[in-house]
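Below is one structure, written out as structure tokens; the observations come after it.
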Amino acid sequence: MVKTASLENVNAIVLNEKLGDFIAQNGTKAVSNCRLVRMSLSEKVHHFPQNIPFIAAVRECEGGKQAVFFIKRKKYALVEGAAVSSSKNVGESFEIDNVKYILEDTMNDMPRYKPVYPKPRTRKAVKVEE
Numbered sequence: 108m109v110k111t112a113s114l115e116n117v118n119a120i121v122l123n124e125k126l127g128d129f130i131a132q133n134g135t136k137a138v139s140n141c142r143l144v145r146m147s148l149s150e151k152v153h154h155f156p157q158n159i160p161f162i163a164a165v166r167e168c169e170g171g172k173q174a175v176f177f178i179k180r181k182k183y184a185l186v187e188g189a190a191v192s193s194s195k196n197v198g199e200s201f202e203i204d205n206v207k208y209i210l211e212d213t214m215n216d217m218p219r220y221k222p223v224y225p226k227p228r229t230r231k232a233v234k235v236e237e
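Below, the structure is given as structure tokens:
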């Protein structure tokens with residue numbers, strides 16, 4: 108059973124460990140540390156959107172494969188390198204479901220992001236005259 112990472116804890120150190128567990132369960136070895144990327148896939152992979160950019164944690168594996176953790180849906184997959192049509196590091200900030208994640212700090216050269224939730228909408232009071 109692979110543990111998932113919480114959306115409140117988008118932390119490359121935690122995601123690196125989770126992806127490492129997933130990679131070990133699939134009988135392969137990682138050749139890099141985790142990166143947070145905005146990516147899209149040109150081929151259909153179960154539970155993953157095709158040709159639509161999404162935010163994911165990615166680790167390179169042996170044999171030209173990548174272990175991918177789709178942060179929003181909390182799903183893992185081992186993807187052939189040829190299936191990845193684009194991949195770009197998220198940088199200072201990114202957004203998932205109207206929650207903005209801003210780079211808080213780095214630990215061991217791995218980023219940790221802090222969620223910034225949108226302000227709740229408030230309704231203006233309407234004065235009713237009698």
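Taking the numbering used here, the leading residue of the sequence shown gets 108, the next gets one more, and so forth. Where is the CB? At the ideal position from N, CA and C, for every residue including glycine.
- For Asn118, the beta-bridge partners assigned by DSSP are Arg219.
- The beta carbons of Tyr208 and Pro222 sit closer together than 8 angstroms.
- Under the three-pair Cβ rule at 8 angstroms, the region 124-143 counts as touching the region 152-169.
- Val233 has its alpha-carbon roughly 44 angstroms from the corresponding atom of Asp212.
- Annotation: Tyr224 is outside any beta strand (DSSP E) and is labelled neither H nor E by DSSP.
- Counting the other Cβ atoms within 10 Å of the Cβ of Pro218 gives 16 or more, which makes it buried.
- By the Cβ criterion, the region 175-190 is in contact with the region 151-158, since at least three pairs of Cβ atoms, one from each stretch, lie closer than 8 angstroms.
- Judged by DSSP in its simplified three-state form, Ile203 adopts strand.
- In the DSSP assignment, Gln173 falls within the beta strand (DSSP E) that extends over Lys172 to Phe177.
- For Phe161, the secondary structure class from DSSP, reduced to helix, strand or coil, is strand.
- Contact between Val206 and Tyr224 holds: their C-beta atoms lie close to 6 angstroms from each other, under 8 angstroms.
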